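4 protein chains.
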Amino acid sequence: MGAVKSKRVPRAVREQQMLDAAVRTFARRGYRAASMDEIAEAAGVSKPLVYLYLNSKDELFTAVIRRERAALVAAVTAAVEPDAPADRQLWSGLKGFFAHTAEHPDGWAVLHQQARTHGEPFALEVAAMRAEIVEFVTDLIGAAAKEAGCAGELADREVAGLAHAMVGAAESLAEWSNSSEGEGAYGEREHSSAKDTAATLMNLAWAGLGRMTDGERWAPGG
Amino acid sequence: MGAVKSKRVPRAVREQQMLDAAVRTFARRGYRAASMDEIAEAAGVSKPLVYLYLNSKDELFTAVIRRERAALVAAVTAAVEPDAPADRQLWSGLKGFFAHTAEHPDGWAVLHQQARTHGEPFALEVAAMRAEIVEFVTDLIGAAAKEAGCAGELADREVAGLAHAMVGAAESLAEWSNSSEGEGAYGEREHSSAKDTAATLMNLAWAGLGRMTDGERWAPGG
Amino acid sequence: MGAVKSKRVPRAVREQQMLDAAVRTFARRGYRAASMDEIAEAAGVSKPLVYLYLNSKDELFTAVIRRERAALVAAVTAAVEPDAPADRQLWSGLKGFFAHTAEHPDGWAVLHQQARTHGEPFALEVAAMRAEIVEFVTDLIGAAAKEAGCAGELADREVAGLAHAMVGAAESLAEWSNSSEGEGAYGEREHSSAKDTAATLMNLAWAGLGRMTDGERWAPGG
Amino acid sequence: MGAVKSKRVPRAVREQQMLDAAVRTFARRGYRAASMDEIAEAAGVSKPLVYLYLNSKDELFTAVIRRERAALVAAVTAAVEPDAPADRQLWSGLKGFFAHTAEHPDGWAVLHQQARTHGEPFALEVAAMRAEIVEFVTDLIGAAAKEAGCAGELADREVAGLAHAMVGAAESLAEWSNSSEGEGAYGEREHSSAKDTAATLMNLAWAGLGRMTDGERWAPGG
DNA sequence: CATGAATGAGATTTCATTCAT
DNA sequence: AATGAATGAAATCTCATTCAT
Numbered sequence: 001m002g003a004v005k006s007k008r009v010p011r012a013v014r015e016q017q018m019l020d021a022a023v024r025t026f027a028r029r030g031y032r033a034a035s036m037d038e039i040a041e042a043a044g045v046s047k048p049l050v051y052l053y054l055n056s057k058d059e060l061f062t063a064v065i066r067r068e069r070a071a072l073v074a075a076v077t078a079a080v081e082p083d084a085p086a087d088r089q090l091w092s093g094l095k096g097f098f099a100h101t102a103e104h105p106d107g108w109a110v111l112h113q114q115a116r117t118h119g120e121p122f123a124l125e126v127a128a129m130r131a132e133i134v135e136f137v138t139d140l141i142g143a144a145a146k147e148a149g150c151a152g153e154l155a156d157r158e159v160a161g162l163a164h165a166m167v168g169a170a171e172s173l174a175e176w177s178n179s180s181e182g183e184g185a186y187g188e189r190e191h192s193s194a195k196d197t198a199a200t201l202m203n204l205a206w207a208g209l210g211r212m213t214d215g216e217r218w219a220p221g222g
Numbered sequence: 001m002g003a004v005k006s007k008r009v010p011r012a013v014r015e016q017q018m019l020d021a022a023v024r025t026f027a028r029r030g031y032r033a034a035s036m037d038e039i040a041e042a043a044g045v046s047k048p049l050v051y052l053y054l055n056s057k058d059e060l061f062t063a064v065i066r067r068e069r070a071a072l073v074a075a076v077t078a079a080v081e082p083d084a085p086a087d088r089q090l091w092s093g094l095k096g097f098f099a100h101t102a103e104h105p106d107g108w109a110v111l112h113q114q115a116r117t118h119g120e121p122f123a124l125e126v127a128a129m130r131a132e133i134v135e136f137v138t139d140l141i142g143a144a145a146k147e148a149g150c151a152g153e154l155a156d157r158e159v160a161g162l163a164h165a166m167v168g169a170a171e172s173l174a175e176w177s178n179s180s181e182g183e184g185a186y187g188e189r190e191h192s193s194a195k196d197t198a199a200t201l202m203n204l205a206w207a208g209l210g211r212m213t214d215g216e217r218w219a220p221g222g
Numbered sequence: 001m002g003a004v005k006s007k008r009v010p011r012a013v014r015e016q017q018m019l020d021a022a023v024r025t026f027a028r029r030g031y032r033a034a035s036m037d038e039i040a041e042a043a044g045v046s047k048p049l050v051y052l053y054l055n056s057k058d059e060l061f062t063a064v065i066r067r068e069r070a071a072l073v074a075a076v077t078a079a080v081e082p083d084a085p086a087d088r089q090l091w092s093g094l095k096g097f098f099a100h101t102a103e104h105p106d107g108w109a110v111l112h113q114q115a116r117t118h119g120e121p122f123a124l125e126v127a128a129m130r131a132e133i134v135e136f137v138t139d140l141i142g143a144a145a146k147e148a149g150c151a152g153e154l155a156d157r158e159v160a161g162l163a164h165a166m167v168g169a170a171e172s173l174a175e176w177s178n179s180s181e182g183e184g185a186y187g188e189r190e191h192s193s194a195k196d197t198a199a200t201l202m203n204l205a206w207a208g209l210g211r212m213t214d215g216e217r218w219a220p221g222g
Numbered sequence: 001m002g003a004v005k006s007k008r009v010p011r012a013v014r015e016q017q018m019l020d021a022a023v024r025t026f027a028r029r030g031y032r033a034a035s036m037d038e039i040a041e042a043a044g045v046s047k048p049l050v051y052l053y054l055n056s057k058d059e060l061f062t063a064v065i066r067r068e069r070a071a072l073v074a075a076v077t078a079a080v081e082p083d084a085p086a087d088r089q090l091w092s093g094l095k096g097f098f099a100h101t102a103e104h105p106d107g108w109a110v111l112h113q114q115a116r117t118h119g120e121p122f123a124l125e126v127a128a129m130r131a132e133i134v135e136f137v138t139d140l141i142g143a144a145a146k147e148a149g150c151a152g153e154l155a156d157r158e159v160a161g162l163a164h165a166m167v168g169a170a171e172s173l174a175e176w177s178n179s180s181e182g183e184g185a186y187g188e189r190e191h192s193s194a195k196d197t198a199a200t201l202m203n204l205a206w207a208g209l210g211r212m213t214d215g216e217r218w219a220p221g222g
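Protein sequence lines correspond, in order, to chains A, B, C and D.
Residue numbering for the first sequence follows full-length UniProt numbering, beginning at 1 and increasing consecutively.
Residue numbering for the second sequence follows full-length UniProt numbering, beginning at 1 and increasing consecutively.
Residue numbering for the third sequence follows full-length UniProt numbering, beginning at 1 and increasing consecutively.
Residue numbering for the fourth sequence follows full-length UniProt numbering, beginning at 1 and increasing consecutively.
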């Protein structure tokens with residue numbers, strides 16, 4: 001089952017095959033070390049065809065980044081429950097995030113490790129995505145403050161810092177949870193893993209966020 | 001008659017000059033895009049001399065990683081107050097971490113972005129360093145639990161997750177606080193910035209850690 | 001309902017369209033730099049069709065050269081008054097030459113610059129055309145000698161040299177007069193320009209030719 | 001005698017060897033068809049060394065054009081007798097021109113055929129050289145007019161046309177005389193050939209120039 | 001201690017050309 | 001009559017690395 005080598009495939013399909021191959025290759029080798037030869041071979045086509053459709057290594061990499069970025073944002077967006085309370089929204093968003101990164105480790109690797117490391121044009125694309133996510137978290141923190149009656153003030157920079165910390169923590173957990181994958185039935189395992197990981201982060205951070213919106217602060221001697 | 005170009009410099013000194021140049025170049029260009037030509041020129045020596053002392057591009061990069069890793073670990077280690085309570089130790093360690101990464105942005109960029117992106121041998125070196133730090137944080141969480149009387153149980157995997165989240169949050173904050181550097185007198189500013197950033201993270205996480213050691217957990221329904 | 005893109009065009013017409021596109025492209029880009037892609041697009045057809053009709057880039061270029069060569073020779077031939085005296089024939093031939101090269105600059109560029117520059121097969125085609133023209137001029141010089149009573153002897157090699165000089169002068173003037181085109185009504189302008197340019201060359205050379213057929217020679221000391 | 005393969009040669013020497021090889025290769029193959037591989041092999045070095053010294057194919061070609069241009073201009077300049085009468089200056093300049101192009105056919109081919117055919121930057125370099133020579137001839141025609149008492153007027157454009165015709169005739173003769181090279185002792189042959197060729201052109205043109213400065217013109221009816 | 005001279009191997013990219021429909 | 005899909009071969013250029021001095 002499955003043709004050994006599919007020939008004369010429509011352009012749109014071939015392009016996706018190429019992007020698939022490119023994601024795998026860029027994730028494993030890095031942008032510079034991945035050669036167009038290797039990508040073409042992984043896609044099952046000749047190098048000139050890759051150039052005919054994607055124009056250059058740069059454009060290919062950009063196309064990959066854009067596709068993976070859109071997929072990740074879509075996954076998280078689809079996961080959040082828009083009208084739920086702030087903590088519930090954060091929780092469902094995190095679950096979506098961890099589930100997607102677990103299911104698409106190569107895409108996540110390209111976004112998180114490769115794209116940020118190889119020059120402005122690519123880094124900017126990812127920075128924009130990260131900014132989107134940071135803003136989402138920032139808004140949730142604001143909403144949480146409102147829900148809590150907001151006894152104390154939360155300076156803008158303070159909120160921004162908290163959001164960046166949250167996002168960084170999530171990124172780190174995604175990597176850790178992917179690399180320390182246990183055994184067990186796959187689908188099940190991943191699902192529960194995404195849930196557990198999201199819970200870990202909620203446990204760590206939610207109480208602190210609540211205290212801050214109440215105007216309390218940690219202090220060295222405290 | 002000061003020599004315009006210092007010749008006949010002792011080996012140890014030359015090596016450090018080369019490593020300095022290499023850190024800068026690797027940080028700015030990335031591992032693959034940084035050429036030995038550029039590094040040699042930045043170091044003010046000829047290429048064969050770089051090879052005589054550091055043997056190959058791989059070994060040069062490894063030497064850079066090792067030096068920067070040692071410097072970062074030393075900075076954090078020197079910053080913590082060994083016999084203080086757990087929160088105080090974490091706090092001082094974070095201050096040390098943020099101060100060092102702010103003062104050595106190129107070294108941090110090499111460790112955080114380049115080394116993890118370019119293949120196993122280098123990534124392992126950084127993973128080891130990260131493991132050191134994660135373990136340090138893990139121990140602190142354990143100590144905090146003990147100090148708190150430890151009503152509930154903290155599963156190992158749970159603690160590990162918390163530690164990874166803390167480290168990821170710290171990394172993200174380091175990057176954010178470096179790139180959003182404000183104005184003001186420099187030395188002063190950086191110091192206070194490291195303090196603020198550390199406080200942000202303590203505020204976010206310490207309360208949650210405390211609740212967990214008390215056996216409480218966040219749950220979707222509030 | 002005029003078709004936006006004419007399809008099902010008879011072969012002969014399509015071939016001329018392709019040759020038109022090829023002349024333009026070869027003239028502007030040069031033989032090597034002109035790609036079959038570009039030519040096919042300029043002709044408004046697909047690449048395989050160009051191959052179906054013209055077989056290969058070499059054959060396409062050859063076809064172009066042959067067509068332009070024939071057109072130029074036809075224009076000059078049509079311009080000369082066969083039974084007029086030698087100087088009159090030369091004069092009208094030159095007018096025809098300058099008028100044609102001015103009206104078909106791309107064709108002239110291909111013949112004069114590209115075809116001679118890119119290897120034997122093409123250069124030979126143009127060399128043959130040039131030989132035709134040189135022979136025509138050679139014959140005219142012979143005729144002029146006869147008309148003049150031919151006091152002196154004109155060695156064959158001497159005549160050949162004169163003919164080559166005339167042709168080279170004409171080629172140079174064609175280029176110069178095309179590139180230094182003035183203003184004024186176009187058709188008129190070109191015509192008069194061809195006439196002026198022909199007159200310039202007649203003025204320069206005819207007296208000398210007459211002297212030579214009279215057996216006189218220029219000598220260093222005057 | 002003659003090392004089979006000279007190694008470790010100083011840069012200046014190697015560069016000339018490379019330029020020598022490049023002139024030959026560009027002349028025979030044309031700019032595009034000449035590969036850097038071929039040039040490097042003809043120079044007896046590896047390709048990277050060519051790039052190290054000459055940077056790119058474009059720059060290599062430019063260097064070739066500049067060197068050959070300077071050599072040709074120097075040869076002609078050295079040949080003319082500055083204080084002689086106009087016809088004598090023209091005569092000696094032509095001799096120098098024909099002698100140089102005969103001795104350096106590849107250089108001449110690069111300047112005359114290749115450089116003008118492959119894009120603006122190169123064509124401009126040769127156009128500038130040609131303009132130098134045309135101006136020299138223009139001045140000589142002006143001087144001749146003065147010497148002759150200059151009964152009639154010579155319009156600027158008329159003079160320019162004459163100069164361009166002269167230069168074109170010389171170029172054509174150079175090519176013809178090179179390609180129709182007879183047998184016989186080499187050095188001798190070439191010398192006499194340059195002289196003969198120069199004489200041919202003087203015979204053709206000098207009388208006409210004289211008539212024009214006297215105000216006479218050729219007219220169709222004779 | 002230090003370097004100018006040199007190269008093997010491999011990267012990206014382009015192009016003329018064909019096949020299947 | 002006409003084309004979208006596909007490729008083998010070769011071009012320019014770069015880089016880590018070594019020798020001879």
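Just so you know, even glycine gets a beta-carbon here, dropped at the ideal spot from N, CA and C.
It should be emphasised that the depicted structure is a prediction, and the values quoted were computed from it without experimental measurement.
Gly-30, Arg-32, Ala-33: these are the residues of the region 17-47 of chain D whose beta carbon lies less than 7 Å from some beta carbon of chain C, given in chain order. C/Ala-207 places its beta carbon less than 8 Å from that of D/Ala-207. A buried status is given to A/Val-76, since no fewer than 16 other beta-carbon atoms sit within 10 Å of its beta-carbon. Residue-level contact check: A/Ser-172 touches chain B, since one or more beta carbons of chain B fall below 8 Å from its beta carbon. The DSSP-derived three-state label of A/Pro-85 is coil. Shown here for C/Met-129: same chain residues with a beta carbon closer than 8 Å to its own, the five before and five after excluded, namely Arg-69, Leu-72, Val-73, Leu-111 in chain order. Listed in chain order, the alpha helix (DSSP H) runs fully inside the UniProt DNA-binding region "H-T-H motif" (35-54) of chain D are 36-43, 47-54, counting runs of at least 4 residues. Where B/Leu-124 is concerned, the enclosing alpha helix (DSSP H) starts and stops at 120-147. A residue is called buried when at least 16 other Cβ atoms come within 10 angstroms of its Cβ; D/Leu-52 does not meet this threshold and is exposed.
In this structure, B/Val-80 is the residue among B/Glu-41, B/Leu-201, B/Pro-10, B/Val-80 with its C-alpha nearest to the C-alpha of B/Phe-136.
Under the Cβ criterion of 8 Å, B/Met-129 is not counted among the residues facing chain A.
B/Asn-203 has a beta carbon lying within less than 8 Å of a beta carbon in chain A.
Chain order gives the chain C residues near D/Trp-206 as Gly-208, Trp-218, where near means a beta carbon separation below 8 Å. Closest in C-alpha terms to B/Thr-138, from the list B/Leu-209, B/Pro-220, B/Thr-197, comes B/Leu-209.
Across the set C/Glu-120, C/Ser-179, C/Thr-213, the C-alpha of C/Ser-179 shows the shortest separation from the C-alpha of C/Thr-197. Contact of B/Trp-91 with chain A is assigned, a C-beta pair being separated by under 8 Å. In terms of Cα proximity to D/Gly-168, the closest of D/Ser-92, D/Phe-98, D/Glu-41 is D/Phe-98. The beta carbons of C/Arg-29 and C/Glu-125 sit no closer together than 8 Å. With a threshold of 8 Å between beta carbons, D/Gly-107 makes no contact with chain C.
DSSP, read as helix, strand or coil, puts A/Pro-10 in coil.
Per DSSP, the continuous alpha helix (DSSP H) segment holding B/Val-167 begins and ends at 156-179. It is roughly 20 Å from the alpha-carbon of B/Ala-43 to the alpha-carbon of B/Trp-108. Listed in chain order, the non-local C-beta contacts of D/Arg-32 below 8 Å within the same chain comprise His-118, local neighbours out to five positions each way being set aside. Taking a C-beta distance under 8 Å as the contact criterion, D/Leu-90 and D/Leu-140 qualify as a contact pair.
Each of A/Ala-115, A/Ala-102, A/Phe-61 was checked against the Cα of A/Ala-170, and the nearest Cα belongs to A/Ala-102. Contact between C/Leu-173 and C/Met-212 does not hold, since the beta-carbon distance rounds to 21 Å and is not under 8 Å.
Within chain C, the residues Ser-172, Leu-173, Trp-176 have their CB atoms less than 7 Å from the CB of D/His-164, given in chain order. Distance between D/Ile-39 and D/Thr-25, taken at the CA atoms: about 6 Å. By the neighbour-count definition (other C-beta atoms within 10 Å, threshold 16), C/Glu-59 is an exposed residue. Sorting B/Met-166, B/Ala-148, B/Gly-149, B/Gln-114 by C-alpha distance to the C-alpha of B/Ala-131 places B/Met-166 at the top. Only those residues of the region 140-154 of chain B whose C-beta falls short of 8 Å from the nearest C-beta of chain A would be listed, and there are none.
Taking CB atoms only, D/Val-167 has a neighbour in chain C less than 8 Å away.
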